[in-house]
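Residue numbering for the sequence shown is 1 to 180, as defined by my numbering. Even glycine gets a Cβ: it sits at the ideal position worked out from N, Cα and C. Here the structure is a predicted model, which means the values were calculated and not measured. Have a look at the structure below, then the notes.
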Amino acid sequence: MTTLPTTLPTTLPTTLHMPTNQDLDPDQLRAAFGVFPSGVVAVAAEVDGRATGLAASSFTSVSLDPPLVSFSIANTSRTWPDLRRAGHLGVTVLADHHGEVCRQLAGPVEHRFDDVPTTVSPDGAVTLDEGLARFDCTIHREVEAGDHTIVLLALHAVEQTDTSLPLVFHRSGFGRMCEV
Ligand SMILES: Cc1cc2nc3c(=O)[nH]c(=O)nc-3n(C[C@H](O)[C@H](O)[C@H](O)COP(=O)(O)O)c2cc1C
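Here is the structure:
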């Protein structure tokens, strides 16, 4: 004999409010994507003798064995064709005090690294000295994905010493985490 639950489920099916086959407007999509909070990384390397890079909130950890991370780069990026030529890429997780640095890393190319303390590895990976974690990477694979390319990065070195809080990107603005 089946035992029936003595209480009703608190969540009952409601009328469908999300019809399929919507005309997915890019602005509406951007706003919806922005609801999902993320950290921000700097992806950077020395190319032709100068620090080259950008800010990216699409960073994701992917695999422990082999160690892989990813980020997505817009196909319109003018920096990526140069950056992808670098032998090694540095990825730095930005800290909560990096709001201005992050804007700078997404701004005019010639000023992206002005007054930003960085270290260059022997292989040319550029990392930010005040980052929360630093990764030394090479490109494992690039996967076409609509108007972006998913870049899979193989990790060769990791450093994580700073225990302060990360910069959080949410709804097109910066914030920080707090205990709940
Ligand atoms: C918080 C933040 C996150 C960003 N995340 C990404 C990203 O994940 N992928 C991307 O292609 N551009 C991202 N950008 C934009 C780049 O940093 C950069 O501005 C853009 O690539 C244009 O510069 P470029 O033509 O030199 O590449 C982000 C910008 C900001 C401010």
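Residue i Cβ short of 8 Å to ligand 1 heavy atom set
i: leucine 24; result: no
i: isoleucine 73; result: yes
i: glycine 49; result: no
i: phenylalanine 135; result: no
i: cysteine 102; result: yes
i: phenylalanine 36; result: no
i: leucine 128; result: no
i: arginine 78; result: yes
i: leucine 152; result: no
i: glycine 90; result: no
Nearest-angstrom Cα separation, counted from residue j out to residue i
i: valine 69; j: alanine 44; result: 15 Å
i: serine 164; j: leucine 132; result: 7 Å
i: proline 5; j: glutamate 159; result: Confidence is the limiting factor: at proline 5 the pLDDT is only 49, short of 50, which leaves the residue's position unreliable and the question unanswerable from this model.
i: glycine 87; j: histidine 97; result: 29 Å
Beta-carbon proximity check, residue i vs residue j, cutoff 9 Å
i: alanine 95; j: leucine 24; result: no
i: proline 117; j: glutamate 130; result: yes
i: threonine 119; j: valine 41; result: no
Outcome for residue i when other beta-carbon atoms lying within 10 angstroms are tallied against a minimum of 16
i: glutamate 46; result: buried
i: cysteine 102; result: buried
i: leucine 64; result: exposed
Within-9 Å CB hit, residue i to chain C
i: cysteine 102; result: Absent from the structure is chain C; it holds one protein chain and no more.
Self-check item: At least 3 beta-carbon pairs within less than 8 Å: the stretch 72-83 vs the stretch 125-139
Solution: no
Self-check item: the stretch 43-57 touching the stretch 65-77, judged by at least three CB pairs closer than 8 Å
Solution: yes
Practice problem: Could you say if the stretch 102-114 and the stretch 147-162 meet the contact criterion of at least three C-beta pairs nearer than 8 Å? | Solution: no
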